[in-house]
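The structure under discussion appears below in the form of structure tokens.
Protein chains: 2
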Amino acid sequence: MAKKRSRRHRAAPLRRKAATGSSSRSAISLDVLEGHLGYFARRLQVRVFQDFIRTLKRINISPAQFSVLVVIGANRGLSQAELAATLGIERARLVRLLHRLEERGFVQRLRSSADGRRHALQLTPQGRTTLARAKILAARHESQLIRKLGAERHAMLLRALRYP
Amino acid sequence: MAKKRSRRHRAAPLRRKAATGSSSRSAISLDVLEGHLGYFARRLQVRVFQDFIRTLKRINISPAQFSVLVVIGANRGLSQAELAATLGIERARLVRLLHRLEERGFVQRLRSSADGRRHALQLTPQGRTTLARAKILAARHESQLIRKLGAERHAMLLRALRYP
DNA sequence: CGCAATTGTTGTCGAGGTCAACAATAGCTG
DNA sequence: CAGCTATTGTTGACCTCGACAACAATTGCG
Numbered sequence: 134m135a136k137k138r139s140r141r142h143r144a145a146p147l148r149r150k151a152a153t154g155s156s157s158r159s160a161i162s163l164d165v166l167e168g169h170l171g172y173f174a175r176r177l178q179v180r181v182f183q184d185f186i187r188t189l190k191r192i193n194i195s196p197a198q199f200s201v202l203v204v205i206g207a208n209r210g211l212s213q214a215e216l217a218a219t220l221g222i223e224r225a226r227l228v229r230l231l232h233r234l235e236e237r238g239f240v241q242r243l244r245s246s247a248d249g250r251r252h253a254l255q256l257t258p259q260g261r262t263t264l265a266r267a268k269i270l271a272a273r274h275e276s277q278l279i280r281k282l283g284a285e286r287h288a289m290l291l292r293a294l295r296y297p
Numbered sequence: 134m135a136k137k138r139s140r141r142h143r144a145a146p147l148r149r150k151a152a153t154g155s156s157s158r159s160a161i162s163l164d165v166l167e168g169h170l171g172y173f174a175r176r177l178q179v180r181v182f183q184d185f186i187r188t189l190k191r192i193n194i195s196p197a198q199f200s201v202l203v204v205i206g207a208n209r210g211l212s213q214a215e216l217a218a219t220l221g222i223e224r225a226r227l228v229r230l231l232h233r234l235e236e237r238g239f240v241q242r243l244r245s246s247a248d249g250r251r252h253a254l255q256l257t258p259q260g261r262t263t264l265a266r267a268k269i270l271a272a273r274h275e276s277q278l279i280r281k282l283g284a285e286r287h288a289m290l291l292r293a294l295r296y297p
């Protein structure tokens, strides 16, 4: 509720000069950050997710939602604990992710007959359809990424990032 | 305020068996996630940040705070806009980061005489001391990371992640 | 002067990570 | 079998962080 913002439509700023102007700073040093893997991993991850979100905006699927749909789709009957462990997220977090996906009619939670505590997760037909479309868009996103990074660096990063 | 949680000190669970037990699932497929750089970048970044936070917990410096202190320390007189652009974060976000660091006595914002809009950022003596200690701990964190990943992969990742 | 841009700032929203606590269920083990 | 313990899903609360919108003060020009 109360979602309507005024949205004044400010005419796109024309960016008159280049940068700040006053500062004659040519290069700003990152100092020891240059040696920290986490810093660059974060930068890359943010950039990639921004592009992912932009590319899948039309079907409104976030990176986290995509990963959940993909893994459920490829492993029918998974329990929430297994799924959370696989994706490296908290069970509590997954509960809320699944809420949304269930609301939207993509996922079903079925009580396991063998173990009354577990939920067997599976996609609905609509979930499968959405996942198929999401995969196409995600592949497009990855292609854009390959184009931006260069195929060699992309392949190298994927190989090095993936745990053997 | 209201920081005291009950923290009941539950005796460390003994972890009797290994895993779930019921599920005979040997390997859970990641399907197309295997080809998505963003997924693995995210996983790595989260792991690395967790270790960073753990290692710097004693001085209570987060990765974001560390990056801010490092760049200010190496580029005295920087403006907030320049700093935000350098680190790839929003100006609005930086404002709140600097609030905390100023409260804690690590950073000073001085009005620029040349340009009344800008703040010239610099570390206080206490900020410099804390940064020095943080760098030592951060280096220790990075060493642990190198040990975990292997020196070759670490070097390869750093090289590939850093934009040339 | 007057208008547009920049800078710092605040508010708000939503996504995510973290931790504590709990009910229901399952599985041992004495 | 009873009783204890672990697991599973769930909720609540808190905090960080990215993204926008809006604004006041200031600067820079045409």
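Residue numbers (the working numbering), protein chains in the order written: chain E, 134 to 297; chain U, 134 to 297. In this text, a Cβ means the ideal position worked out from N, Cα and C, and glycines have one as well.
DSSP places U/R233 within a helical segment (H, G or I) once states are collapsed to three.
Restricted to the region 214-288 of chain E, the beta strand (DSSP E) segments that are unbroken, complete and at least 3 residues in length are 240-244 and 252-256, listed in chain order.
With contacts defined by Cβ atoms closer than 7 Å, U/L177 and E/L294 form a contacting pair. Contact check for E/H274 against E/F185 passes: the beta carbons are separated by less than 7 Å. U/S200 reaches chain E at L166 and Y172, counting residues in chain order whose Cβ is nearer than 7 Å. Rounded to the nearest angstrom, the Cβ distance from U/L256 to U/V240 is 6 Å, consistent with a contact under 8 Å. Among the residues of the region 215-231 of chain E, those with a Cβ less than 7 Å away from any Cβ of chain U are E215, T219 and G221, in the order of the chain.
It is roughly 7 Å from the alpha-carbon of E/L270 to the alpha-carbon of E/T188. In the DSSP assignment, U/V203 falls within the alpha helix (DSSP H) that extends over P196 to A207. Listed along chain U are D164, each with a C-beta nearer than 9 Å to that of E/G206.
Look at E/L211 here: in three-state DSSP terms it is strand.
Annotation: E/A267 to U/N208 spans about 44 Å, alpha carbon to alpha carbon.
Within 8 Å of the CB of E/V179, the CB atoms of chain U belong to G221, in sequence order along the chain. A direct Cα-to-Cα measurement between U/S200 and E/A174 gives close to 13 Å.
E/I161 belongs to the set of residues whose beta carbon lies under 7 Å from a beta carbon in chain U. With respect to the C-alpha of E/A253, the residue from E/R261, E/A288, E/R244 and E/G260 having the closest C-alpha is E/R244.
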